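Q:
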Amino acid sequence: MKEITLNQNQFFEVDKISNGSYHPLNGFMTENEFYSVIENYVLPDGRLFSIPIILDITKESANDLKINSNVKLLYDNNEIGEILV
Numbered sequence: 113m114k115e116i117t118l119n120q121n122q123f124f125e126v127d128k129i130s131n132g133s134y135h136p137l138n139g140f141m142t143e144n145e146f147y148s149v150i151e152n153y154v155l156p157d158g159r160l161f162s163i164p165i166i167l168d169i170t171k172e173s174a175n176d177l178k179i180n181s182n183v184k185l186l187y188d189n190n191e192i193g194e195i196l197v
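Going by our numbering, the sequence shown opens with residue 113, and the numbers climb by one from there.
Here you go:
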């Protein structure tokens, strides 16, 4: 399984998602959600949301990932979760 090592800011984003601070999100935004928020300040279902919540990684890291694969998230040498790409 591929791994992404998070920096402190990325870790805090994961923490906010997991503790419900970014409700109604339960993960990083999809491309559709991202563009809906950027263009209209709402999620695709019409709920207000003004901040795009994404996992910012390098192009090289992104190119190494496969659609519909799980990726481990690491912070400070500890696995803190997984995401589905």
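The beta-carbon is built from N, C-alpha and C at its ideal position, and this holds for glycine as well.
Predicted model only: the values in this text are computed from it and were never measured.
Look at the alpha carbon of N138 and the alpha carbon of G132, and state the distance between them as a whole number of angstroms.
A: Computed Cα separation, rounded: 8 angstroms.
Q: Can you list, in chain order, the residues of its chain with a C-beta nearer than 6 angstroms to that of Y134? Leave out the 5 residues immediately preceding and following it.
A: Around Y134: K128 and I165.
Q: Could you please give the first and the last residue of the uninterrupted alpha helix (DSSP H) stretch that includes V126?
A: Unbroken alpha helix (DSSP H) run through V126: Q120 to S130.
Q: Roughly how many whole angstroms lie between the Cα atoms of V183 and E191?
A: Computed Cα separation, rounded: 10 angstroms.
Q: Could you please give me the residues that DSSP links to I195 through a beta bridge?
A: I195 is bridged to V183.
Q: What's the gap between the Cα of S173 and the Cα of I116?
A: In a straight line, the C-alpha of S173 is about 8 angstroms away from that of I116.
Q: By DSSP's criteria, V154 is part of a beta bridge. Which residues make up the other side?
A: BP columns for V154 point to L160.
Q: Could you tell me the boundaries of the alpha helix (DSSP H) in which K171 lies?
A: Counting along the chain, the alpha helix (DSSP H) containing K171 begins and ends at K171 to N175.
Q: Please list, in chain order, all residues of the same chain as F140 whose beta carbon is under 8 angstroms from its beta carbon, the five residues on each side excluded.
A: Counting only Cβ-Cβ distances below 8 angstroms, and skipping sequence neighbours, we find E125, I129, I165, I166, L167 and I195.
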